[in-house]
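Novice: Could you have a look at this structure, given as structure tokens, before my questions?
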Amino acid sequence: MTKSADSPLVPISRPPERILIIKPSAIGDIVHALPVLNLIRRRWPAAHITWLVTPACAALVEGHPQIDEVMYFDRRGLGSAWRSPRAALELFGLNGDFRRRKFDLVVDLQGLFRSGWFLGQTRAPLRVGFANAREFGWLFYTHRILSSWEDHAVERYLCIAEALGLGKSPIEFHFAVDDDDRAQLAAKLPDPAPYAVLLPGANWDTKRWPAERFSALVRPLAERFGLRCIVAGGAGDGALAAQIVGAQNLAGKTNLRQLIALLEGAKLVVAADTGPMHIAAALGKPLVTMYGPTDPIRTGPFGRMDTVVRLDIPCSPCFSRKCSHQSCLQWLGIEPVLTLAEQQIARLVAPVAGI
């Protein structure tokens, strides 16, 4: 792991009054950035903290108790600014909004040219990001922090927290879920029996465990552990979820905050490498997650490597979105998943997150 001690501390002469965190997406990445938010708020409780986010992920930070303001970045819309006058005007307006807010400190946890460009538009005196930011994003920083892409995302983000003088602990994940969200979820769950949440969707086809394997879990989870199954995910997971026989299908029927509440109440979560899985991991839920083309050391459930089941085959991880055989997950049967589920339920993992 790269030691952030290799990077000098960012000189902060007085507590910053206005702070911007740039981490627009994706769900798992934003979850991994929450410990940095927590450390910033603990160190500078009076600061006005703003978070830049895409609309699709906004529910993770809207109404968050540690965030004062949310700014929105429509990646698809503003990405056409070079050919659309309307999008160009919106981009120009966003850049003006950055400057008008007069941020003292801006932290770029995305590490791309686009996020670096936004950081530069703020003209803040302290603009902090990764020394190895991709697409030359580092050009816009006043302070560049050493980190390694081989480390877990949480560890990389904490390198920046340490360089800001915030330390690296405590590592806490707080979510913006309230009793109203829980009540709305409860209305969708007429059966009060304990439940397991199945999360079969993933943004890469190669990260998906076959739907028939998820379906094959429904009966043994009921017989061995007394758990009924609920399938969850986004609207795009509806067709996949419909293939899982015997489970209640809530895929696409909850908003993101209700999904967090659903995971909060689960006795077990079985998931692909997907954003909601990272929420379950942060909540400390008993968890089983199947890994194939990606590396759990870099993007796995943080601090929860005991929840990962994978096949040790030569081509895994390949980090490929396309594969002709998908052996890493096609050959993974249900028994290793059920064995790990039993171990996870027996341990009753203590929560690591605050709500």
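Numbered as in my numbering, the sequence shown ends at 390 without a single skipped number. A virtual CB, placed ideally from N, CA and C, is assigned to each residue, including glycine. Note that the structure is a prediction, hence the values are computed from the model and not measured.
Can you list, in chain order, the residues of its chain whose CB lies under 8 angstroms from that of M312, leaving out five sequence neighbours each side?
Specialist: As a working mapping, residue 312 is identified with position 277 in the sequence shown. Once the five neighbours on either side are set aside, the close Cβ partners of M312 are G63, L234, V304, A306, L322, T324 and P336.
Novice: For I348, is the classification buried or exposed, using 16 other Cβ atoms within 10 angstroms of its Cβ as the cut-off for buried?
Specialist: By 1-based counting over the sequence shown, the position of residue 348 is 313. Result: exposed.
Novice: So, is L193 buried or exposed, given that buried needs 16 or more other C-beta atoms within 10 angstroms?
Specialist: Mapped onto the sequence shown, residue 193 falls at position 158. With 16 or more other Cβ atoms within 10 Å, it is buried.
Novice: Name, in chain order, the residues that DSSP records as bridge partners for L283.
Specialist: Within the sequence shown, numbered from 1, the residue matching residue 283 stands at position 248. It is worth fixing the name first, because residue 283 is Gln in this sequence and not Leu. In DSSP, Q283 forms a bridge with I265.
Novice: DSSP three-state call for R53: helix, strand or coil?
Specialist: To locate residue 53, count along the sequence shown from 1; it is residue 18. Strand.
Novice: Return the CA-CA distance between Y326 and R49, expressed in angstroms with no decimal places.
Specialist: Position 291 of the sequence shown, counting from 1, holds the residue named residue 326. Position 14 of the sequence shown, counting from 1, holds the residue named residue 49. Distance between the alpha carbons of Y326 and R49 is about 45 angstroms.
Novice: Does E299 pass the burial test, meaning 16 or more other C-beta atoms within 10 Å, or should it be called exposed?
Specialist: Locating residue 299 in the sequence shown gives position 264, where the first residue counts as 1. Classification for E299: buried.
Novice: Could you tell me whether the Cβ atoms of W244 and L367 are closer together than 8 angstroms?
Specialist: The residue given as residue 244 occupies position 209 in the sequence shown. The residue given as residue 367 occupies position 332 in the sequence shown. Taking 8 angstroms as the Cβ cut-off, W244 and L367 qualify as a contacting pair.
Novice: 8 angstroms is my cut-off, CB to CB: does L275 come that close to chain C?
Specialist: Of the protein chains in this structure there is only one, and it is not chain C.
Novice: Where does Y107 fall in DSSP's three states?
Specialist: Counting from one through the sequence shown, the residue named residue 107 turns up at place 72. Strand at Y107.
Novice: Are G202 and L74 touching if we call contact CB-CB under 8 angstroms?
Specialist: The residue given as residue 202 occupies position 167 in the sequence shown. The residue given as residue 74 occupies position 39 in the sequence shown. The answer is yes: Cβ separation under 8 angstroms.
Novice: Can you tell me where the beta strand (DSSP E) holding Y326 begins and where it ends?
Specialist: Within the sequence shown, numbered from 1, the residue matching residue 326 stands at position 291. Unbroken run through Y326: none, as it is neither H nor E.
Novice: On the DSSP letters alone, give me the boundaries of the alpha helix (DSSP H) that A237 sits inside.
Specialist: The residue you call residue 237 lines up with position 202 of the sequence shown. Segment: none, A237 is in no alpha helix (DSSP H) and carries neither H nor E.
Novice: Would you kindly check if the distance between the Cβ of T85 and the Cβ of D103 is under 8 angstroms?
Specialist: As a working mapping, residue 103 is identified with position 68 in the sequence shown. As a working mapping, residue 85 is identified with position 50 in the sequence shown. Yes, the pair counts as a contact, with Cβ atoms nearer than the cut-off.
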